[in-house]
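Enquirer:
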Amino acid sequence: MSPTNPIDPATAHGLSACWSCQGPVAAGEPFCPTCGAVQPPGQADHFTRLGLPRAFDVDLQALDRAYFARQRALHPDRMARHSARERAIAESQSVSLNDAYETLRDPMRRAGYMLAAAGRPVAGDGATIDDHALLSETMEAREALMEAATETEVAALAARAAADRAACLADVAGAFAAGDLDAARRHATRLRYLVKLVEEAHRRRLSLAGKAA
Amino acid sequence: MLLQIHEPGETPLPHEQRGTAVGIDLGTTNSVVAVATDGTPEVLRDAGGAALVPSVVAYGADGVVEVGAAARRRLLDDPDLVVSSVKRLMGRGAGEARALAGTLPYRVAPPEPAEGGMVRLLVGGRRLSPVEVSADILRALKARAEAALGRPVERAVVTVPAYFDDAARTATRDAARLAGLEVLRLVNEPTAAALAYGLDHAAEGLYAVYDLGGGTFDISVLRLQKGVFQVLATGGDAALGGDDIDHAVAERFLAERRPEAAPTVAEVKQALATARLAKECLTTQERGEWLVEIGGGTSRHRLDRATLDEVAEPLVARTIEICRTVLADAGLAPDEIRGVVMVGGSTRMPIVQDRVAALFGRPPLVDLDPDEVVALGAALQAEALTAGSDTLLLDVTPLSLGIETMGGIVEKVIERNTPIPVARAQEFTTYQDGQTGMLFHVVQGEREMVDECRSLARFELTGIPPMTAGAARIRVSFAVDADGLLTVTAQEKTTGARQHVEVRPSYGLGEDEMARMLRDSMEHASDDMGRRLLIEARVEARRVLLALDAATKADAALLPADERAAIAAAAAGLERLLAGDDRHAIDAAVEELERLSRAFAQRRMDKAIRLALAGRSIDAVAAEAAPNPTE
Ligand SMILES: [Zn+2]
Numbered sequence: 001m002s003p004t005n006p007i008d009p010a011t012a013h014g015l016s017a018c019w020s021c022q023g024p025v026a027a028g029e030p031f032c033p034t035c036g037a038v039q040p041p042g043q044a045d046h047f048t049r050l051g052l053p054r055a056f057d058v059d060l061q062a063l064d065r066a067y068f069a070r071q072r073a074l075h076p077d078r079m080a081r082h083s084a085r086e087r088a089i090a091e092s093q094s095v096s097l098n099d100a101y102e103t104l105r106d107p108m109r110r111a112g113y114m115l116a117a118a119g120r121p122v123a124g125d126g127a128t129i130d131d132h133a134l135l136s137e138t139m140e141a142r143e144a145l146m147e148a149a150t151e152t153e154v155a156a157l158a159a160r161a162a163a164d165r166a167a168c169l170a171d172v173a174g175a176f177a178a179g180d181l182d183a184a185r186r187h188a189t190r191l192r193y194l195v196k197l198v199e200e201a202h203r204r205r206l207s208l209a210g211k212a213a
Numbered sequence: 214m215l216l217q218i219h220e221p222g223e224t225p226l227p228h229e230q231r232g233t234a235v236g237i238d239l240g241t242t243n244s245v246v247a248v249a250t251d252g253t254p255e256v257l258r259d260a261g262g263a264a265l266v267p268s269v270v271a272y273g274a275d276g277v278v279e280v281g282a283a284a285r286r287r288l289l290d291d292p293d294l295v296v297s298s299v300k301r302l303m304g305r306g307a308g309e310a311r312a313l314a315g316t317l318p319y320r321v322a323p324p325e326p327a328e329g330g331m332v333r334l335l336v337g338g339r340r341l342s343p344v345e346v347s348a349d350i351l352r353a354l355k356a357r358a359e360a361a362l363g364r365p366v367e368r369a370v371v372t373v374p375a376y377f378d379d380a381a382r383t384a385t386r387d388a389a390r391l392a393g394l395e396v397l398r399l400v401n402e403p404t405a406a407a408l409a410y411g412l413d414h415a416a417e418g419l420y421a422v423y424d425l426g427g428g429t430f431d432i433s434v435l436r437l438q439k440g441v442f443q444v445l446a447t448g449g450d451a452a453l454g455g456d457d458i459d460h461a462v463a464e465r466f467l468a469e470r471r472p473e474a475a476p477t478v479a480e481v482k483q484a485l486a487t488a489r490l491a492k493e494c495l496t497t498q499e500r501g502e503w504l505v506e507i508g509g510g511t512s513r514h515r516l517d518r519a520t521l522d523e524v525a526e527p528l529v530a531r532t533i534e535i536c537r538t539v540l541a542d543a544g545l546a547p548d549e550i551r552g553v554v555m556v557g558g559s560t561r562m563p564i565v566q567d568r569v570a571a572l573f574g575r576p577p578l579v580d581l582d583p584d585e586v587v588a589l590g591a592a593l594q595a596e597a598l599t600a601g602s603d604t605l606l607l608d609v610t611p612l613s614l615g616i617e618t619m620g621g622i623v624e625k626v627i628e629r630n631t632p633i634p635v636a637r638a639q640e641f642t643t644y645q646d647g648q649t650g651m652l653f654h655v656v657q658g659e660r661e662m663v664d665e666c667r668s669l670a671r672f673e674l675t676g677i678p679p680m681t682a683g684a685a686r687i688r689v690s691f692a693v694d695a696d697g698l699l700t701v702t703a704q705e706k707t708t709g710a711r712q713h714v715e716v717r718p719s720y721g722l723g724e725d726e727m728a729r730m731l732r733d734s735m736e737h738a739s740d741d742m743g744r745r746l747l748i749e750a751r752v753e754a755r756r757v758l759l760a761l762d763a764a765t766k767a768d769a770a771l772l773p774a775d776e777r778a779a780i781a782a783a784a785a786g787l788e789r790l791l792a793g794d795d796r797h798a799i800d801a802a803v804e805e806l807e808r809l810s811r812a813f814a815q816r817r818m819d820k821a822i823r824l825a826l827a828g829r830s831i832d833a834v835a836a837e838a839a840p841n842p843t844e
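So the sequence lines, in the order shown, correspond to chains A and B. Those letters in the first sequence? Residues 1 to 213, per this note's numbering, in order. Those letters in the second sequence? Residues 214 to 844, per this note's numbering, in order.
1) With DSSP collapsed to three states, give me the class of THR538/B.
2) Would GLU395/B and ASP238/B be called neighbours here (beta carbons separated by less than 8 Å)?
3) For the region 134 to 152 of chain A and the region 177 to 197 of chain A, state whether three or more C-beta atom pairs, one from each stretch, are separated by less than 8 Å.
4) What did DSSP end up calling LEU334/B once you bin it into helix, strand or coil?
5) Give me, in chain order, the residues of the same chain whose beta-carbon lies closer than 6 Å to that of LYS849/B; leave out the 5 immediate sequence neighbours on both sides.
6) Quick check for students: name the residue ranges of the alpha helix (DSSP H) that lie wholly in the region 35 to 72 of chain A, counting only runs of 4 or more.
7) Determine the extent of the beta strand (DSSP E) in which ILE687/B is found, giving its start and end residues.
8) Less than 7 Å between C-beta atoms, sequence neighbours within five positions excluded: which residues of the same chain meet that for GLY454/B?
9) Grouping DSSP H, G and I as helix and E and B as strand, with all else coil, what is ALA543/B?
10) Let's test the definition: count the other Cβ atoms within 10 Å of the Cβ of ILE622/B and tell me whether it reaches 16, buried, or not, exposed.
11) Could you list which residues in chain A have their beta carbon closer than 8 Å to that of VAL441/B, in chain order?
12) Going straight from the alpha carbon of ARG390/B to that of TYR101/A, what length do you get?
13) Under 6 Å from any heavy atom of ligand 1, by CB: list those residues in chain order, please.
14) Would you kindly check if the distance between the Cβ of ASP646/B and the Cβ of THR681/B is under 8 Å?
15) Within the continuous beta strand (DSSP E) that includes ASP238/B, where are the two ends?
16) Check whether the region 685 to 701 of chain B touches the region 608 to 615 of chain B, taking contact to mean three or more Cβ pairs, one atom from each stretch, closer than 8 Å.
17) Return the first residue and the last residue of the alpha helix (DSSP H) that GLY455/B is part of.
18) Measuring straight from C-alpha to C-alpha, what distance separates LEU181/A and ALA17/A?
19) Please list the partners that VAL95/A has in chain B, where partner means a Cβ-to-Cβ separation under 8 Å.
20) Per DSSP, what are the beta-bridge partners of PRO718/B in this structure?
21) Is there a Cβ from chain B that is less than 8 Å from the Cβ of THR11/A?
22) Using DSSP with H/G/I as helix, E/B as strand and the rest coil, what is LEU495/B?
23) In terms of residues, what are the limits of the alpha helix (DSSP H) holding PRO343/B?
24) Strictly by DSSP, which residues pair up with TRP503/B?
25) How long is the line joining the alpha carbons of GLY261/B and ALA361/B, rounded to whole angstroms?
26) To the nearest angstrom, how far is the alpha carbon of ARG285/B from that of ARG340/B?
27) Taking the alpha carbon of ALA812/B as the reference point, which residue from LEU52/A, ARG160/A, GLY23/A and ARG109/A has its own alpha carbon closest?
28) How far does the alpha helix (DSSP H) with VAL565/B in it reach, from first residue to last?
29) Taking only three categories from DSSP, how would you classify ARG660/B?
30) Label GLN657/B either buried or exposed according to how many other C-beta atoms from any shown protein chain fall within 10 Å of its C-beta, with 16 as the threshold for buried.
31) My guess is that ALA670/B and PRO718/B are in contact by the Cβ rule of under 8 Å, so how many angstroms apart are they, rounded?
32) Rounded to whole angstroms, what is the Cα-Cα separation between LEU437/B and GLY236/B?
33) DSSP state of LYS706/B, grouped into three classes?
34) Can you tell which of MET555/B, LEU699/B, ILE550/B and GLU596/B has the C-alpha that lies nearest to the C-alpha of VAL434/B?
35) Give the DSSP bridge partners of PHE641/B, in chain order.
Here it is in structure tokens:
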């Protein structure tokens, strides 16, 4: 995202003018240090927005704490007595926080987000799948699921898919930790298919249970 | 001090208090209004001590409109003049209403070409939209609140079923506007109930709210943590409720009474009233006998609890199935839920409590009145939004939102259970060379095919520059606000030209229609609009004064004496105008003040840049200037 306008000195120093008092505000600050007005959310990445270290391994409790603390300050309900303009800005802040939270909370989305930012989008995010072993693994698993006729058989397949998913998640985390983004992309692509498989198995189990009842 | 104003952070609007804000549970069967004071909510009752206002409206031939118990009493004598359960028709088209017609004892009519797509009711020679009928109920609740509190009530938090779609939410907000109520927030009923329960019991952890209303069923799973009420997942059925049990019982009575003939409208209404009574009695007693009496013909009907349970069983089973799905959506097992809050009169039925207890492995929480708990929560939120509070509600979208693509397939833009407010965009492209317009169809629902989802709106984006097929990049943005209401915009990206698209709701009221109704409903509609604009102008002016005051304190050295005097004079002038009610003069004075302080603002920015150049962080500058309000 390169700005098309000539860079003005304020932007160059990470400063922008507060919309309310016109004073300087550092990029990413949610409130003006001078007048206290809520500022537009800007373009920060999800980790920065929530004040978390940029790493695949996210402490989910720390994520919740960071998210709640920021929503408490920025949610439009907190600005109900302010002007329409401030409420609208608070709403856009709240939207950005929800986006960051939703993305980082789910390991699959988190991996996809980090890989897209690193220029290695996962299949489905604008890239096509080129892993033939994964394609045949997926096809076999789907067929097995379709052929399973009893709830017990489906339950066994669901349990295996869930175990595979957990192992694959560990592979993704390991690849990120080792800084091997190509491996991370490969594992994340597989993770996406396994997550879908687990969901399908769950749905099939529910429909079989419904028929039995 | 340069400007006499309030401390930052202090509420800038003491003069703008516009009456008390109340919480309203606008129910299918009954409605309730409540108010909260210092965090303690209280239901507002009539002179006789009754909390529930039956959601029934009678349109007398003499033009008199009656709401509540009085209207319900006329149900038997003048069935054609009385409307009940209108909530089931909010935001619905004529076709959908006809599907419910067997259970709705009044005539429905399709909208005229000039009207929006919402169904109309034919009642005692009048032609009414469900919005107008709901507005009459809301007017009665407003009047009750004003009588109980002894002051005007103009603002409210109104609850809606979590599973209400966009059309039904919009219809509810429109009804409140017609009734002269500003909606501070639409809150989902289970979320409101969780708020009331959670604050009352200082509850922490995972809770479920099982809400079986008259015409809707909702289940929400929430996490309660230090005053934050976070909805993790919600689900339900907008056409499944306690009314359905009444109907099944009534059908039984009618079959026993005159199995050979189709019942008259009067018979249906009488049978329904008796069935409701029987259902309530069988909550505490094992069996009973009821009389259905019409036009001199009386019939006796025995019913015991086992038979009632049999009738209710399929409905309760369906709710339990939905509970399981929602728990799975939240990734939770039933035994991880710490408590289940029960909402809605039908949850008093033993079979409902037994099944819920069996699913969650613990008896449900019934210590708050299931008919009142939603209104109590709404009142708490109304107070939070006007006087402030430490609690925060974080809700989700109940249903996925999408766009129809080629072949009638739905492309989901926002998935269900996404935290709101949310904004998402999707890109589409043209499929013909030189195509300059594109039709979009916005739908809500979980199914893959468009005709199995609910149509929300259609719109056309025009003025796309002619290009080869697939070259245009059309970005469609969906935004769902904290009320759960959707806005859609579209933009052609290669030219950057943004188009304001007119979204025509499939099952709403027409814009002109709404404007006309607003005019008809309020003698002083334009006064009211003017007053709102004046209040907004005052709020904005105070904001400017506060901001300028903070700036002059922080950077006094950058303000030469002559500028300071000019600004102070303009500020004092603006303060004087704030006591009056000339909105245009206030706006002009605000602009003048901003013009006078522009050079000062530039100096402040230049100073910050110099400091940044000198290697000092902005944080240090800020810390020196003023305490950061986020800390
Ligand atoms: Zn400021």
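Built from N, CA and C at the ideal position, the CB exists for glycine as well.
Expert: For this structure:
1) Your numbering for residue 538/B matches position 325 in the second sequence. In this structure, THR538/B counts as helix in the three-state DSSP scheme.
2) Translated into the one-based positions of the second sequence, residue 395/B becomes position 182. Translated into the one-based positions of the second sequence, residue 238/B becomes position 25. No; because the gap between Cβ atoms is not below 8 Å, this pair is not in contact.
3) yes
4) Here the question's residue 334/B lines up with position 121 in the second sequence. In this structure, LEU334/B counts as strand in the three-state DSSP scheme.
5) Any property of residue 849/B remains undetermined from this structure, which presents chain B solely from 214 to 844.
6) 46 to 49
7) Here residue 687/B refers to the residue found at position 474 when the second sequence is read from its first residue. 687 to 693 is the extent of the beta strand (DSSP E) around ILE687/B.
8) For this step, residue 454/B is matched to residue 241 along the second sequence. Contacts found: THR241, LEU425, GLY426, GLY427, GLY428, THR429 and PHE430.
9) By 1-based counting over the second sequence, the position of residue 543/B is 330. In the structure shown, ALA543/B sits in coil (DSSP, three-state: anything other than H, G, I, E or B).
10) Taking the second sequence and counting its residues from 1, the one referred to as residue 622/B is at position 409. Classification of ILE622/B: exposed, given that the 10 Å Cβ count is below 16.
11) Taking the second sequence and counting its residues from 1, one reaches residue 441/B at position 228. Within 8 Å Cβ-Cβ: PHE68, GLN71 and ARG72.
12) For this step, residue 390/B is matched to residue 177 along the second sequence. For this step, residue 101/A is matched to residue 101 along the first sequence. For ARG390/B and TYR101/A, the distance between alpha carbons rounds to 34 Å.
13) CYS18/A, SER20/A, CYS21/A, GLY23/A, CYS32/A, THR34/A, CYS35/A, ALA37/A and ALA760/B
14) The residue you call residue 681/B lines up with position 468 of the second sequence. The residue you call residue 646/B lines up with position 433 of the second sequence. Yes.
15) Taking the first residue of the second sequence as 1, we reach residue 238/B at position 25. Looking at the DSSP string, the run of the beta strand (DSSP E) that includes ASP238/B is 233 to 238.
16) yes
17) As a position in the second sequence, residue 455/B is number 242, starting the count at 1. Start and end: 455 to 470.
18) Along the first sequence, one-based indexing puts residue 181/A at 181. Along the first sequence, one-based indexing puts residue 17/A at 17. Those two C-alpha atoms are separated by around 38 Å.
19) Within the first sequence, the letter at position 95 stands for residue 95/A. Correct list: PRO634, VAL635, ALA636 and ALA692.
20) As a position in the second sequence, residue 718/B is number 505, starting the count at 1. According to DSSP, PRO718/B bridges with ALA670/B.
21) Here residue 11/A refers to the residue found at position 11 when the first sequence is read from its first residue. Not closer than 8 Å to any Cβ of chain B, the Cβ of THR11/A fails to qualify, so no.
22) Residue numbering aside, residue 495/B sits at position 282 when the second sequence is read from its first letter. Note: LEU495/B maps to coil in three-state DSSP.
23) For this step, residue 343/B is matched to residue 130 along the second sequence. Residues 343 to 362.
24) For the purposes of this step, residue 503/B is taken as the residue at position 290 of the second sequence. TRP503/B pairs with HIS514/B.
25) Numbered from 1 along the second sequence, position 48 holds the residue referred to as residue 261/B. Numbered from 1 along the second sequence, position 148 holds the residue referred to as residue 361/B. Between GLY261/B and ALA361/B, the C-alpha separation is close to 12 Å.
26) Position 72 of the second sequence, counted from the start, is the residue given in the question as residue 285/B. Position 127 of the second sequence, counted from the start, is the residue given in the question as residue 340/B. One C-alpha to the other measures close to 20 Å.
27) For the purposes of this step, residue 812/B is taken as the residue at position 599 of the second sequence. If we check each option's Cα against that of ALA812/B, GLY23/A comes out closest.
28) In the second sequence, residue 565/B corresponds to position 352, counting from 1. Here the alpha helix (DSSP H) through VAL565/B covers 563 to 573.
29) Residue mapping note: residue 660/B aligns to position 447 of the second sequence, counting from 1. Coil, per DSSP.
30) The residue labelled residue 657/B in the question sits at position 444 within the second sequence. Around the beta carbon of GLN657/B, a 10 Å sphere encloses 16 or more other beta carbons of the protein chains shown; the residue is thus reported as buried.
31) Here residue 670/B is taken as the residue at index 457 of the second sequence, counted from 1. Here residue 718/B is taken as the residue at index 505 of the second sequence, counted from 1. Contact flag correct, Cβ pair sits at about 5 Å.
32) Counted from its first residue, the second sequence places residue 437/B at position 224. Counted from its first residue, the second sequence places residue 236/B at position 23. Each residue's alpha carbon lies about 21 Å from the other.
33) On the second sequence, position 493 is the one that residue 706/B refers to. Coil, per DSSP.
34) For the purposes of this step, residue 434/B is taken as the residue at position 221 of the second sequence. Among MET555/B, LEU699/B, ILE550/B and GLU596/B, the Cα nearest to that of VAL434/B belongs to ILE550/B.
35) For this step, residue 641/B is matched to residue 428 along the second sequence. Residue pairing by DSSP places PHE641/B opposite ILE687/B in a beta bridge.
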